[in-house]
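> Counting in my numbering, the sequence shown runs from 915 upward without gaps. Yeah, the Cβ is synthetic: ideal placement off N, Cα and C, and Gly gets one too.
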Amino acid sequence: MESIDNRVEEQRQLIEKLQKRNVKLQRFYDEYKRVCRNEEERIKELNCLYQVAQCVVIENDTDAALDKIVRIVPHGWQYTKDSCARITFKDNQYLSSGFFESEAVQSENIFIETVIAGTIEVFYKPGLASEADNPFLIEERNLLKGIAHIISFYLEKQRDNENRKLIKQQLLHADRLATIGQLAAGVAHELNEPLGNILGLAQLALKLPEMPNQAQKDLGKIEDCVIYSREIIKKLMEFSRQSPLSKEKINLNEVIDNSITFLEARCIKEGIEIVRRYAENITVSADPNQIKQVITNLTVNAIQAMRNGGKLIISTRKNSKNAVLAVEDTGIGISGENISKTFIPFFTTKDVGEGTGLGLSVVYGIIRNHSGDIKVSSEPGKGTIFEVCLPLEGT
Ligand SMILES: Nc1ncnc2c1ncn2[C@@H]1O[C@H](COP(=O)(O)OP(=O)(O)OP(=O)(O)O)[C@@H](O)[C@H]1O
Ligand SMILES: [Mg+2]
915 MESIDNRVEE QRQLIEKLQK RNVKLQRFYD EYKRVCRNEE ERIKELNCLY
965 QVAQCVVIEN DTDAALDKIV RIVPHGWQYT KDSCARITFK DNQYLSSGFF
1015 ESEAVQSENI FIETVIAGTI EVFYKPGLAS EADNPFLIEE RNLLKGIAHI
1065 ISFYLEKQRD NENRKLIKQQ LLHADRLATI GQLAAGVAHE LNEPLGNILG
1115 LAQLALKLPE MPNQAQKDLG KIEDCVIYSR EIIKKLMEFS RQSPLSKEKI
1165 NLNEVIDNSI TFLEARCIKE GIEIVRRYAE NITVSADPNQ IKQVITNLTV
1215 NAIQAMRNGG KLIISTRKNS KNAVLAVEDT GIGISGENIS KTFIPFFTTK
1265 DVGEGTGLGL SVVYGIIRNH SGDIKVSSEP GKGTIFEVCL PLEGT
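1. Run the proximity test for G1269: is its beta-carbon closer than 7 Å to any non-hydrogen atom belonging to ligand 2?
2. Taking L1057 as the reference, give the member of K1039, Q1020, P1305 with the closest Cα.
3. Shortest alpha-carbon distance to T1244 belongs to which of Q992, E1107, D1132, K1296?
4. If we call anything under 8 Å between Cβ atoms a contact, is S1154 one with A1099?
5. State the DSSP-derived secondary structure class of D1287, mapped to helix, strand or coil.
6. Taking only three categories from DSSP, how would you classify L1226?
7. Alpha carbon to alpha carbon, what distance is there between I1188 and A999?
8. Please list the segments of the beta strand (DSSP E) lying wholly inside the segment 972 to 1035, counting only runs of 3 or more residues, in order along the chain.
9. Out of N1077, L1304, L1239, which has the shortest C-alpha to C-alpha gap to D1171?
10. Are the Cβ atoms of E955 and Q992 separated by less than 8 Å?
11. Under a three-way DSSP split, which group does A1237 fall into?
12. A1179: beta carbon under 7 Å from a heavy atom of ligand 1?
13. For Y1192, does the three-state DSSP call read helix, strand or coil?
14. Any idea which residues DSSP pairs S1292 with across the strands?
15. Given a threshold of 16 other Cβ atoms within 10 Å of its Cβ, counted over all protein chains shown, does K1161 qualify as buried or as exposed?
16. Can we count K1264 as close to ligand 1, meaning its CB is less than 7 Å from some heavy atom?
17. To which residues of the same chain is I983 closer than 6 Å at the C-beta, ignoring the five residues directly before and after it?
18. Specify which residues have a beta carbon nearer than 5 Å to any heavy atom of ligand 2, listing them in chain order.
19. Give the straight-line distance between the Cα atoms of D1132 and I1146, rounded to the nearest whole angstrom.
20. Does the Cβ of F1260 have 16 or more other Cβ atoms within 10 Å, making it buried, or fewer, making it exposed?
21. For G1134, does the count of other Cβ atoms within 10 angstroms reach 16, so buried, or fall short, so exposed?
22. Starting from the C-beta of L1109, find all residues in its chain whose C-beta is less than 8 Å away, skip the five residues before and the five after it, and write them out in chain order.
23. Rounded to a whole number of angstroms, what is the C-alpha to C-alpha distance between G1032 and L1105?
24. For ligand 1, is there any heavy atom lying closer than 7 Å to the beta carbon of T1298?
25. Given this structure, state the Cα-to-Cα distance separating A1179 from I1186, to the nearest angstrom.
26. Is there at least one non-hydrogen atom of ligand 1 closer than 7 Å to the beta-carbon of S1173?
27. Is the beta carbon of T1197 closer than 8 Å to that of K1163?
28. A1237 and L1306: beta carbons closer than 8 Å?
29. When we look at the beta-carbon of N1282 and count the other beta-carbons within 10 Å, is it buried (16 or more) or exposed?
30. Ends of the alpha helix (DSSP H) at N1127?
31. Kindly give me the distance between the Cβ atoms of I1034 and I1061, rounded to whole angstroms, as I take these residues to be in contact under 8 Å.
32. Which residue spans inside the segment 1197 to 1227 form an unbroken alpha helix (DSSP H) run of at least 4?
33. If you draw a straight line from the alpha carbon of N1111 to that of K1121, how long is it in whole angstroms?
34. Does the beta carbon of N1222 fall short of 7 Å from some heavy atom of ligand 1?
35. Which one of I972, R921, R926, L1086 has the shortest CA to CA distance from K1255?
36. Would you check whether ligand 1 has a heavy atom nearer than 7 Å to the C-beta of G1295?
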């Protein structure tokens, strides 16, 4: 009897042991499943990050890159099928497929340098993991930060590339103009002397006694033509920076006012309103006559571009090193095809006799001679703006 009882007790203890081991095993198995799930999540996240990084390395076009990234993003989140993403950059939105908006959202800013340039958001379907305040895992929050960093880095790189391209284009343009300048200077120099001789001889001949009337008229015409040709040569010399500078400290606003007074009557007649927006105390070291020439050429062009009236806005401002003078009009504008040609000597869209195409070449030569810079931007049908930078006095 005792031995039966003992055996029952043994059996009971064995069952108890087995049950305990079973519970342990179950726990171990649950833990193992949880670790596996976590591993899976981490692999998904790493994979998502890797694909985003790969995308910014391969894709040169910003739109295409952001479009791809936004489609990759939901694959890194635990409820992939119930999530979607949106990237906002400038005025554009990039959406993952089946996009929806909900209150369960996580968002990160995208910076360029220190300025916010856009956002990236991930949405979960409403009601998903609703018991939690924030349905997103810490890892997912970090992942979104990481993706936002990669996008920031990419956008900065794209911006640098664009700047580099622009500088290269400007250098090429300046190089081209310098070559044309050298050619123009050579031609101008060669022609100046024979033209001087022609003028001198014509003027001498005009003084001869008993000159027939017709011959006198013809010699007068020769004189006029030579004077006109020498004007052109003077302009070419200015473009190729051959004119000597006579620099002094000048108040830019005063020089502008002096230059445009004689154009005011013409503006009133042609229905053009002149708007002045001056910053105070702008002093530059420059040749006042040449700066006057710059302002006159730019304002005359602006007036000529506004056949049906408009607004001529002349403004000055300072930045860290430069005085900036802007001449803006609301005229016909310049086509994309012509804008890069405007500073080239003899480029004109005006009728014969109305323009020689040297006004802006002269402006360009003068500004470069003053170690300054000039930029043009225009929208056909809307208007044009020329911006001249001159080093501020004392910089
Ligand atoms: N404000 C402007 N609006 C529209 N087009 C402009 C403007 N300024 C310049 N342009 C364009 O650039 C061309 C070149 O200008 P530029 O001043 O060198 O020569 P021009 O005005 O034609 O002749 P010139 O100045 O010798 O009388 C112009 O013919 C015109 O097509
Ligand atoms: Mg002109």
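Let me spell this out:
1. Distances between the C-beta of G1269 and the heavy atoms of ligand 2 include at least one below 7 Å.
2. Distances from the alpha-carbon of L1057 to those of K1039, Q1020, P1305 put Q1020 closest.
3. Comparing Cα-Cα distances from T1244 to each of Q992, E1107, D1132, K1296, the minimum goes to K1296.
4. In contact: S1154 and A1099 (Cβ atoms closer than 8 Å).
5. Here D1287 sits in strand by DSSP.
6. Here L1226 carries a strand assignment [DSSP, helix/strand/coil].
7. A999 and I1188 have their alpha carbons spaced roughly 50 Å apart.
8. With a minimum length of 3 residues, the continuous beta strand (DSSP E) runs that stay inside the segment 972 to 1035 are 997 to 1003, 1006 to 1009, 1019 to 1026.
9. Of the listed residues, the one whose Cα sits closest to D1171 is L1239.
10. Taking 8 Å as the Cβ cut-off, E955 and Q992 qualify as a contacting pair.
11. Assigned with DSSP and collapsed to three states, A1237 falls in strand.
12. A1179: no, Cβ never under 7 Å from ligand 1.
13. The answer is coil: DSSP assigns Y1192 none of H, G, I, E or B.
14. Its beta-bridge partners are T1298.
15. K1161 comes out exposed.
16. At a cut-off of 7 Å, the beta-carbon of K1264 counts as near ligand 1: some heavy atom of the ligand is closer than that.
17. Excluding the 5 residues flanking it on each side, I983 has same chain C-beta neighbours closer than 6 Å at V966, C969, in chain order.
18. Taking every residue with its beta carbon within less than 5 Å of a heavy atom belonging to ligand 2 gives, in chain order, N1215, G1273.
19. Between D1132 and I1146, the C-alpha separation is close to 21 Å.
20. The residue in question, F1260, is exposed, as its Cβ has fewer than 16 Cβ neighbours within 10 Å.
21. So G1134 counts as exposed.
22. Residues of the same chain with a CB within less than 8 Å of the CB of L1109, apart from the 5 flanking positions on each side, are V1140, S1143, R1144, I1147 in chain order.
23. Rounded to the nearest whole angstrom, the C-alpha separation of G1032 and L1105 is 59 Å.
24. Yes - ligand 1 has a heavy atom lying nearer than 7 Å to the Cβ of T1298.
25. If you take the alpha carbons of A1179 and I1186, they lie about 10 Å apart.
26. Short note on S1173: C-beta not closer than 7 Å to any heavy atom of ligand 1.
27. Yes, Cβ-Cβ distance for K1163 and T1197 is below 8 Å.
28. Between A1237 and L1306, the gap from beta carbon to beta carbon is short of 8 Å.
29. First, the amino acid is wrong: residue 1282 is Arg here, not Asn. Using a 10 angstroms sphere on the CB of R1282, the tally of other CB atoms reaches 16 or more, which defines it as buried.
30. Residues 1127 to 1153.
31. Taking 8 Å as the upper bound for CB-CB distance, I1034 and I1061 are in contact here, some 6 Å apart.
32. Fully enclosed alpha helix (DSSP H) runs of no fewer than 4 residues occupy 1202 to 1218 of the segment 1197 to 1227, in order along the chain.
33. Each residue's alpha carbon lies about 16 Å from the other.
34. The answer is no for N1222.
35. Out of I972, R921, R926, L1086, L1086 has the C-alpha closest to the C-alpha of K1255.
36. When distances are taken from the beta-carbon of G1295 to the heavy atoms of ligand 1, even the shortest one reaches 7 Å or more.
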